[in-house]
Every structure is written in C-alpha cells, then in structure tokens.
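Residue numbers (the working numbering), protein chains in the order written: chain S, 1 to 386; chain D, 387 to 644.
Think of the CB as a built atom: it goes at the ideal place given N, C-alpha and C, for glycine as much as any other residue.
Take a look at the structure below.
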C-alpha cells in the first residue's frame with residue numbers, strides 16, 4: 001500500500017467511524033465509565049458500518065486492508081475520545097488466527113467477529129511474570145482430546161464482555177525445557193466454560209471497559225482450540241503482539257491528538273488577561289511540539305503497518321512506533337494539563353480523566369524501557385542488559 | 387421512482403469562516419463538505435426510493451475548484467450518481483443564476499419524478515434557490531416539507547407552518563424543500579464510502595449547460611457592504627419564586643414556540 005493509499009484509507013475509515021461516535025461520543029463514554037455500561041451499542045454500530053471487517057481477508061468474510069485498517073479505526077475512535085479496547089484485542093487476536101489458525105478456526109473465529117457476534121479478549125500477563133512472559137505458570141496439560149488449563153492471569157481487559165479469551169499458557173513446564181521460548185501455546189478459551197472465573201480489579205482508567213483477574217481452574221479446552229503449534233506458541237504470539245503494538249500506538253496517537261485538540265480549543269477561548277492564552281508562546285510551544293511528535297509517531301506507525309502487511313518483520317518499527325506514540329501522547333497530555341491549569345483537575349473538564357489511560361500506554365502492553373532494550377540489542381547490537 | 391437532490395458543498399462550519407474583502411463573499415477555497423441541511427434531503431430521497439421499490443437518487447451541485455468531497459459523502463450514503471457544475475466563471479453567481487445552473491443540471495440528468503432541496507443552505511441562507519429551480523422547470527413546488535409520502539403519481543406533504551402543518555397534495559413531477567430534522571440522515575458505511583469512489587460523477591461548466599451570463603456578469607445583485615452581526619445579548623435571568631413557570635410559558639408564547 002502506498003503512503004497515499006494509506007492516507008486515503010485513514011480518511012475513509014475516519015469518515016465511517018463517525019457513525020460509531022454518533023452512538024457513543026466522548027461524554028457518553030465518560031458517563032458510562034463513571035456510572036456503568038458497556039460499549040455494545042458502539043460495537044453494533046461498528047458491525048453495521050462494515051468496520052469490523054477491516055483486517056480480515058475477503059476470503060474470511062472481511063474487507064481486507066491488513067493491519068492498517070484496524071489501526072486506522074483505532075486511531076480514529078481514540079481521537080474521538082472513545083477508544084474501544086476490546087476491539088483492539090479482538091483485532092490482534094484475529095491477526096494471529098489468520099496467520100496461524102486452521103481453516104476450521106478461521107471459520108469459527110473470524111466470520112463471527114466481522115458480524116459483531118464474537119469478541120475476543122487476550123490473557124498473557126501473570127502476577128509473577130509481568131514483562132517476562134516466559135516465567136508464566138499457567139499450564140495446559142493434554143488429556144485426550146482436550147487440554148486442562150490451570151492458572152491465574154491479571155490485567156485482562158474487558159474480559160467480562162468477551163465471548164472468547166485467547167489465553168497464553170505453558171504446555172511444557174519451564175523446568176522441562178532448556179530453551180525458555182519453547183513450551184508456550186495459544187488457546188482459544190470459551191469464556192463461559194466451567195472453571196473460568198473473573199474478578200474485577202480496582203483499576204480506574206476512566207473507561208467503560210474494566211480490568212479483571214482471570215481464574216482458570218481445571219478448564220477443559222478442546223484441542224481444536226489450539227492456535228498454531230503446541231509448544232511453539234511464540235510463533236503465533238509474534239503475529240499477535242506486533243499488531244498489538246501497532247494498535248496500541250494508534251490508541252496513544254489518537255488519544256494524544258484528542259487531548260491536544262481539547263487543549264487547543266481551550267486556549268483559544270481562555271482569556272484571563274483579555275487575550276486568549278493561546279496567543280502566548282509559552283502556551284503555544286508545548287502544544288505545537290506535541291503536535292509535531294504525534295505526527296512523527298504516526299509516520300512511524302504507518303510505516304510499521306506497511307511492513308507487517310507486506311509480511312516483513314515489523315518488530316523494529318512496531319516497537320519504535322509504540323515508544324514514540326506513547327511518549328508523544330504523554331507530552332501532549334502534559335501540555336494540555338498545564339494549559340488548563342487547575343481546571344484540568346476538575347472532573348467535569350474531562351482532562352484529568354484522560355490522563356491515566358494515556359499514562360498507562362508508557363507501561364502497557366510492554367513498558368517503554370523494554371522497548372529501549374529491544375532497540376539497544378536488536379537494532380544497535382549492544383549487549384543484552386538483563 | 388427517480389429523485390434528484392440539490393446538494394450544496396460548503397466550508398466546514400466547525401472551522402472559522404472568512405470573507406473575501408474584495409467581493410464580500412464567503413471564501414470557499416478550502417475543502418468543502420456536504421451541507422448538513424442537504425443531508426436530510428438525501429436521506430429522504432433514499433427512503434422514498436426504497437419505499438417505491440425501485441429507482442435511484444441522483445445529485446446536482448455547484449461548487450468551485452472541482453470540489454467533490456461533499457458529493458462523495460452523499461454518494462456514500464447511497465445516491466447513485468452526481469453532476470457537479472464547477473467553473474471559475476460562476477464566481478459571484480447570485481441565487482437566481484445558481485437556480486438556472488442547477489435546473490440545467492437537472493435537465494442534463496433527464497429530470498426526475500421529484501427534486502429535493504433544503505429549505506436554506508447553512509452558509510448562504512437565501513432560501514430561494516429550490517423554488518426558483520421549480521419555476522424555471524415549470525414544476526409545482528412545496529416548501530417546508532416535513533413529511534412526504536408518494537401514492538402513484540401523487541405526493542402528499544405535511545408542510546411545516548408556525549402553528550403546525552398543512553396537508554398538501556401535489557402531482558408529480560414536483561419539487562420540495564425539506565426542513566432540517568425531518569429524517570435522521572444515515573452515516574455512510576465503510577462499504578458505502580468505498581463504493582462512492584467509483585460512482586459516476588460528471589463535472590461540467592456553465593457553458594456545457596448553455597447557461598450564460600453567469601458569475602458577477604449574470605448577477606442581478608451586488609453585495610455593497612458587510613457589517614458585523616450584533617453580539618448576542620446576555621440572556622434573561624429569572625429568579626425562581628415558585629411561579630417561575632408562568633414566566634417561562636409567557637416567554638415561549640412570545641417566541642410562538644407554544
């Protein structure tokens with residue numbers, strides 16, 4: 001896809017996303033975050049407007065456009081202040097299924113997500129294996145025609161509203177393999193299976209979508225729900241986690257741009273000394289700098305999308321995009337908070353409510369320090385530091 | 387049943403507008419979007435065609451610089467084809483010239499059972515173009531249509547008035563201007579947006595339509611002066627003394643809202 005084609009796709013997706021924002025706008029999103037409520041109606045609008053087909057090949061009932069389509073949608077909805085995290089999870093889980101799933105899995109798990117009938121959450125993080133996924137304890141033991149899954153996951157976003165959860169588990173224990181990368185497997189777990197439990201976490205990102213502990217207690221998972229090859233889950237994960245970084249970058253850029261626009265609107269009006277504070281360079285420059293950094297991150301992001309869609313290794317660009325996007329979004333939010341002054345902390349201004357989610361994106365789904373480690377080792381060829 | 391909708395493409399009202407100081411006309415050199423006032427007409431046309439069980443919706447528009455963004459939006463909503471009249475010579479055209487141009491574009495499409503316009507545009511507000519088109523084409527016209535049903539070759543219209551609405555019957559073909567809010571315009575789907583790219587969109591000049599003179603030469607009016615609109619006055623504050631509702635009722639009655 002050429003840069004012009006990407007730009008055109010971004011514009012088209014943004015245009016179509018207006019029908020979603022009409023259903024749930026920023027004020028409604030914040031209200032539901034505060035008072036409860038799902039994004040089910042926004043999800044239905046995404047299906048009705050043909051947006052859930054983005055990223056799924058036409059042979060699987062979608063409208064194609066690679067990862068670029070879902071990234072453009074995530075960016076557009078985030079820029080409108082309504083980032084749908086379960087959509088993000090579903091989108092990258094589908095990418096892994098498209099590249100590693102069987103024909104039967106593609107039929108079972110892709111087409112229903114295009115029509116909006118299926119949503120997919122993702123579970124990899126554990127309390128004692130945060131950044132180091134290889135240390136995870138969740139284990140799936142083979143027993144005839146199914147696996148028996150046991151373990152505890154946390155920070156599982158929107159799991160209460162998902163139909164399936166893509167769970168990463170060990171199928172060979174760490175002690176039984178020399179290579180730590182061997183022994184992981186990716187399983188599609190029906191959320192309503194006996195033994196699957198959810199406990200809400202006390203995390204407030206000012207989003208209608210909540211975080212959960214996921215309890216897996218002797219959960220029977222049919223072997224046909226294994227995505228990719230047993231014990232070689234890293235290969236499958238590669239095509240989930242790289243798209244995740246791209247989608248998260250879009251989330252950060254979109255939300256950063258949303259914050260920035262809110263700041264620009266504010267400083268254009270706010271005039272305690274008679275002239276708008278937006279006419280002062282001290283106020284303008286941090287906002288202008290944030291805009292430049294968001295634009296640069298966006299260029300990196302879509303270059304990474306291009307690489308992924310061409311079947312190239314997007315690792316370097318995807319990681320750098322996530323780093324730049326999250327830093328740019330945080331700089332934008334900080335400049336906007338400074339511009340708003342004390343009123344940024346009035347919940348009614350809905351500025352401080354943007355902050356936790358934007359700040360989180362320097363940490364999740366992988367902290368920026370690990371990305372810098374990746375750049376140091378893989379791109380600069382420096383010694384491994386940890 | 388075939389319907390033609392006259393759609394105007396206007397500067398985004400969300401952005402600060404500017405006047406050309408040499409001509410006192412609105413600057414239209416940037417991207418133009420579909421006038422929201424016309425989105426109601428497009429939606430009504432699509433619903434009428436669906437209810438009739440066949441036919442198509444076509445669009446006519448006049449805009450500078452070959453601008454088609456607003457037309458693409460209406461095509462993405464479901465219209466089948468469009469004619470854009472774009473010509474530097476049209477700069478300065480008044481409402482009557484615009485009506486002549488759009489009427490000629492309607493004829494180029496072969497006419498229709500029904501032509502729909504907005505009551506007024508969101509940037510020019512003359513509120514006269516649709517009726518002038520009807521006069522030029524020799525069609526009956528009904529203004530302020532808020533509900534329309536088609537029964538064979540007869541159209542029943544509920545026409546908005548200050549007190550309520552008139553029930554009007556008109557033969558087809560005819561022209562109506564619709565009020566804002568009569569229907570809820572659909573949001574274009576991704577598929578619709580992609581399909582709109584390949585729908586027929588013909589761009590013609592005033593000369594192609596045989597309309598002359600146009601622009602400043604054809605205008606029967608000139609804008610001699612523009613002055614700042616009066617700043618909005620502070621609203622009336624009513625202290626609640628337990629009888630406030632009577633003041634609110636009387637305020638609304640004065641505005642003829644109740």
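Requested in this report: Please specify which runs of the beta strand (DSSP E), each continuous and at least 3 residues long, are wholly inside the stretch 182 to 213 of chain S, giving them in chain order.
Outcome: 184 to 190 and 196 to 200
Query raised in the report: With DSSP run on the structure shown, which of helix, strand or coil describes residue 150 (chain S)?
Result: For the purposes of this step, residue 150 (chain S) is identified with residue 150 of the first chain, where counting begins at 1. In the structure shown, residue 150 (chain S) sits in a strand (DSSP, three-state: E or B).
Requested in this report: Under 8 Å Cβ to Cβ from residue 296 (chain S), same chain only, skipping five residues before and after it: list those, please.
Outcome: Numbered from 1 along the first chain, position 296 holds the residue referred to as residue 296 (chain S). Same-chain partners within the cutoff: 324 and 328.
Report task. Compute the beta-carbon to beta-carbon distance between residue 545 (chain D) and residue 529 (chain D), rounded to the nearest angstrom, for a pair I have assumed lies under 8 Å. Result -> Here residue 545 (chain D) corresponds to residue number 159 of the second chain, with the count starting at 1. Here residue 529 (chain D) corresponds to residue number 143 of the second chain, with the count starting at 1. Confirmed, Cβ separation roughly 7 Å.
Report task. Take residue 95 (chain S) and list the residues in its own chain whose beta-carbon comes closer than 8 Å to its own, dropping the five residues that flank it on each side. Result -> Here residue 95 (chain S) corresponds to residue number 95 of the first chain, with the count starting at 1. Taken in chain order, the residues that qualify are 55, 67, 239, 240 and 243.
**Report entry** Chain-ordered neighbours of residue 15 (chain S) on chain D, where CB pairs are closer than 8 Å
**Finding:** One-based indexing of the first chain puts residue 15 (chain S) at position 15. Within 8 Å Cβ-Cβ: 459, 462, 574 and 579.
Query - Beta-carbon contacts of residue 138 (chain S) that lie in its chain and below 6 Å, excluding the five residues immediately before and after - result: Here residue 138 (chain S) refers to the residue found at position 138 of the first chain. These residues qualify, in order along the chain: 151 and 169.
Query - Beta-bridge partners of residue 449 (chain D), as assigned by DSSP - result: For this step, residue 449 (chain D) is matched to residue 63 along the second chain. None; residue 449 (chain D) has no bridge partner.
Report task. Given a cut-off of 9 Å, decide if residue 182 (chain S) and residue 232 (chain S) are closer than it, judged by their beta-carbon atoms. Result -> On the first chain, position 232 is the one that residue 232 (chain S) refers to. On the first chain, position 182 is the one that residue 182 (chain S) refers to. Yes, Cβ-Cβ distance for residue 232 (chain S) and residue 182 (chain S) is below 9 Å.
Requested in this report: Taking only the alpha-carbon atoms, compute the straight-line gap between residue 254 (chain S) and residue 374 (chain S) and give it to the nearest angstrom.
Outcome: Numbered from 1 along the first chain, position 254 holds the residue referred to as residue 254 (chain S). Numbered from 1 along the first chain, position 374 holds the residue referred to as residue 374 (chain S). Cα-Cα distance, rounded: 25 Å.
Requested in this report: Tell me whether residue 269 (chain S) sits in a helix, a strand or coil according to DSSP, three-state version.
Outcome: By 1-based counting over the first chain, the position of residue 269 (chain S) is 269. Reduced to three states, the DSSP call for residue 269 (chain S) is helix.
Query raised in the report: Mind checking if residue 18 (chain S) is an interface residue toward chain D, Cβ cutoff 9 Å exclusive?
Result: Locating residue 18 (chain S) in the first chain gives position 18, where the first residue counts as 1. Yes - at least one Cβ of chain D is within 9 Å of the one on residue 18 (chain S).
Query raised in the report: For residue 436 (chain D), does the three-state DSSP call read helix, strand or coil?
Result: For this step, residue 436 (chain D) is matched to residue 50 along the second chain. Of the three classes helix, strand and coil, the one that applies to residue 436 (chain D) here is helix, per DSSP.
Requested in this report: Scan the stretch 46 to 58 of chain S for residues whose Cβ lies nearer than 9 Å to a Cβ of chain D and list them as they occur along the chain.
Outcome: Residues passing the 9 Å Cβ filter: 48, 49, 50, 51, 53 and 54.
Query - With 16 other Cβ atoms within 10 Å as the buried cut-off, status of residue 313 (chain S) - result: Here residue 313 (chain S) is taken as the residue at index 313 of the first chain, counted from 1. Exposed, since its Cβ has fewer than 16 Cβ neighbours within 10 Å.
Requested in this report: In angstroms with no decimal places, state the Cα-to-Cα distance between residue 485 (chain D) and residue 468 (chain D).
Outcome: Along the second chain, read from residue 1 onward, the residue named residue 485 (chain D) stands at position 99. Along the second chain, read from residue 1 onward, the residue named residue 468 (chain D) stands at position 82. Roughly 17 Å separates the two Cα atoms.
**Report entry** Buried/exposed call for residue 348 (chain S), threshold 16 Cβ in 10 Å
**Finding:** As a first step, residue 348 (chain S) must be located in the first chain, where it is residue number 348. Looking at its Cβ environment, which holds fewer than 16 other Cβ atoms inside 10 Å, residue 348 (chain S) is exposed.
**Report entry** Rounded straight-line distance, which links the Cα of residue 637 (chain D) to that of residue 621 (chain D)
**Finding:** Residue 621 (chain D) sits at position 235 when you count from the first residue of the second chain. Residue 637 (chain D) sits at position 251 when you count from the first residue of the second chain. Going from the Cα of residue 621 (chain D) to the Cα of residue 637 (chain D) covers about 12 Å.
Report task. Answer yes or no: do residue 33 (chain S) and residue 206 (chain S) have a C-beta to C-beta separation smaller than 9 Å? Result -> Numbered from 1 along the first chain, position 33 holds the residue referred to as residue 33 (chain S). Numbered from 1 along the first chain, position 206 holds the residue referred to as residue 206 (chain S). A contact, by the Cβ cut-off of 9 Å.
Query raised in the report: In terms of DSSP beta bridges, what is residue 503 (chain D) paired with?
Result: Here the question's residue 503 (chain D) lines up with position 117 in the second chain. Bridge partners of residue 503 (chain D): D:563.
Query raised in the report: Is any beta-carbon of chain D found at less than 9 Å from that of residue 63 (chain S)?
Result: Stepping through the first chain from its first residue, residue 63 (chain S) is reached at position 63. At least one chain D Cβ lies under 9 Å of residue 63 (chain S).
Report task. Ignoring anything shorter than 4 residues or poking outside the stretch 247 to 318 of chain S, list the alpha helix (DSSP H) runs there in chain order. Result -> 281 to 309
Query raised in the report: List, in order along the chain, the chain D residues whose C-beta lies closer than 9 Å to that of residue 22 (chain S)?
Result: Walking along the first chain from the start, residue 22 (chain S) turns up at place 22. Chain D residues near residue 22 (chain S): 573.
Requested in this report: Evaluate residue 386 (chain S) with the Cβ neighbour count: other Cβ atoms within 10 Å of its Cβ, from every protein chain shown; 16 or more gives buried, anything less gives exposed.
Outcome: Within the first chain, numbered from 1, the residue matching residue 386 (chain S) stands at position 386. When all chains shown are included, residue 386 (chain S) counts as exposed.
Query raised in the report: Would you report the Cα separation of residue 155 (chain S) and residue 129 (chain S), rounded to the nearest angstrom?
Result: Reading the first chain from its first residue, position 155 is the one you call residue 155 (chain S). Reading the first chain from its first residue, position 129 is the one you call residue 129 (chain S). Taking the straight line from one Cα to the other gives about 12 Å.
**Report entry** Under 8 Å from the C-beta of residue 12 (chain S): neighbouring residues of chain D
**Finding:** If you number the first chain from 1, residue 12 (chain S) lands on position 12. By Cβ distance, chain D contributes 576, 579 and 580.
Query raised in the report: Among D:628, D:399, D:465 and D:601, which has the Cα closest to the Cα of residue 409 (chain D)?
Result: Looking up residue 409 (chain D) in the second chain gives position 23. If we check each option's Cα against that of residue 409 (chain D), D:601 comes out closest.
Query raised in the report: Going by Cα to Cα distance, which pick from S:148, S:173 and S:73 is closest to residue 250 (chain S)?
Result: Taking the first residue of the first chain as 1, we reach residue 250 (chain S) at position 250. Measuring from the Cα of residue 250 (chain S), the nearest candidate turns out to be S:73.
Query raised in the report: If you draw a straight line from the alpha carbon of residue 339 (chain S) to that of residue 26 (chain S), how long is it in whole angstroms?
Result: Here residue 339 (chain S) corresponds to residue number 339 of the first chain, with the count starting at 1. Here residue 26 (chain S) corresponds to residue number 26 of the first chain, with the count starting at 1. Their Cα atoms are separated by approximately 20 Å.
Query raised in the report: Which same chain residues, not among the five before or five after residue 111 (chain S), have their C-beta less than 7 Å away from its C-beta?
Result: Counting from 1 along the first chain, the entry for residue 111 (chain S) is found at position 111. 60 and 61.
Query - Coarse secondary structure for residue 470 (chain D), derived from DSSP in three states - result: Within the second chain, the letter at position 84 stands for residue 470 (chain D). Residue 470 (chain D): strand per DSSP, three-state reduction.
Query raised in the report: How far does the beta strand (DSSP E) with residue 419 (chain D) in it reach, from first residue to last?
Result: The count along the second chain starts at 1 and reaches residue 419 (chain D) at position 33. That run of the beta strand (DSSP E) goes 418 to 420.
Report task. Run the CB neighbour count on residue 309 (chain S), radius 10 Å, all protein chains shown included, and call it buried at 16 or more, exposed below. Result -> On the first chain, residue 309 (chain S) is found 309 positions in, with the first residue counted as 1. So residue 309 (chain S) counts as buried.
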